[in-house]
Structure formats: structure tokens, C-alpha cells
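First comes the structure, then the notes that go with it.
Numbering (the working numbering), first residue to last: 8 to 189.
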């Protein structure tokens, strides 16, 4: 009986990880070009933070590794229906590669008993992880860290602060209910 229960829990968790990867893929399709930047504004960071906060560090990280794997295998999960190694090696690659770590940070801070302060701090730090990865890759590709910050960080600040707040609301509002199902 215990083995059956464990398989049921494992199955629900695996399904949650797969569903979370699809949520991130769907969020990537909502993109807005940013003037003078090779990086579009998408809903991906919001989804990454929410997924990590709801599924926890391990589940959130796994969902984002799955998301990246699907994109690398050719499924059109990256922004504008993109896929393949070119997205990971291009201007948006640093952001993409930072997603699993960012989800894990958000999940770690949310923990099993999330509070508003911990969730907001975790989401803010996770957003810093995403932008650090993105700016690092832009600097590597362009050779100018100042330019990387101007086009890959500054234009996104206001929107990303809003995304941190929305992600925190999702984590605190839906997280306990969704975790109870797992």
C-alpha cells in the first residue's frame, strides 16, 4: 500500500513539473519588443518565479530544466515559438540558463510555510539571478558590460518589480492549495 501511495505522489509531482514547464513555455509566447534591446519583454520571469515558489526549489528547478530541454530538443517553447541551441547561445541565452537557478531560489525562500516577506525577498533575489545571467551573456556577446546593463537590465526594471509582486501573490494565494494536491 505504501508503494502505491508513493507512486501516486511521485506521479502527481512529475505531472506538476511537466505542467509548470508548459506554463513557462506559454508565458514565453507573450512577448513585446524592447526598443534598442535584443531581448524582448516576456512573461517568462513571472512564470519562473511563480513555478519555483509553488513547486519548491527542487520541483521548480526541475520544471525549468525540463523547459530548457524541450527547447533544445526543438520544441517551440522559447519566445516567439523559437527552439534550438541558437536561443541558448544568443542574446537571450543567459536569461534562459539562469531560469532553473532562479526558480530554485524562489522555491527555497517560499519554503513550506511562505510568508509575504520571505516570498518577496525570494522573488526579488530570483529576479536578480535571471538578470545576472542575462547581463553576463550579453556582455560576453557584446564585449561591453555597461551596454549589457543598459539594454538587458534597465529597460526591464519597472516591469520586473511588478512581476515580483504578482508572483508573490500567486505563490501566497495559490501555492498552499496546489502544494496540498501534491
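Virtual Cβ for every residue (Gly too), placed ideally from N, Cα, C.
query	result
Through-space distance from residue 100 to residue 94, alpha-carbon basis	6 Å
Contact set for residue 113: own chain, Cβ-Cβ below 6 Å, skip 5 residues either direction	56, 59, 60, 129, 130 and 133
Extent of the continuous alpha helix (DSSP H) to which residue 55 belongs	51–79
Length of the line joining the Cα atoms of residue 28 and residue 152	31 Å
Contact check, residue 37 vs residue 162, beta carbons under 8 Å	no
The segment 177–189 contacting the segment 13–24, beta-carbon criterion three pairs below 8 Å	yes
Residue range of the alpha helix (DSSP H) that includes residue 122	Taken as a continuous stretch (DSSP letters only), residue 122 belongs to no alpha helix (DSSP H), as it is neither H nor E.
Beta-carbon separation (whole angstroms), residue 62 vs residue 70, contact threshold 8 Å	6 Å
Opening and closing residue of the alpha helix (DSSP H) in which residue 83 lies	No alpha helix (DSSP H) contains residue 83, which DSSP labels as neither H nor E.
Residue 106 burial status per 10 Å Cβ neighbour count (16 or more: buried)	buried
Proximal residues to residue 145 (C-beta, below 8 Å), its chain only, five neighbours per side dropped	45, 46, 98, 101, 154, 155, 158 and 159
Contact set for residue 141: own chain, Cβ-Cβ below 6 Å, skip 5 residues either direction	101, 102 and 159
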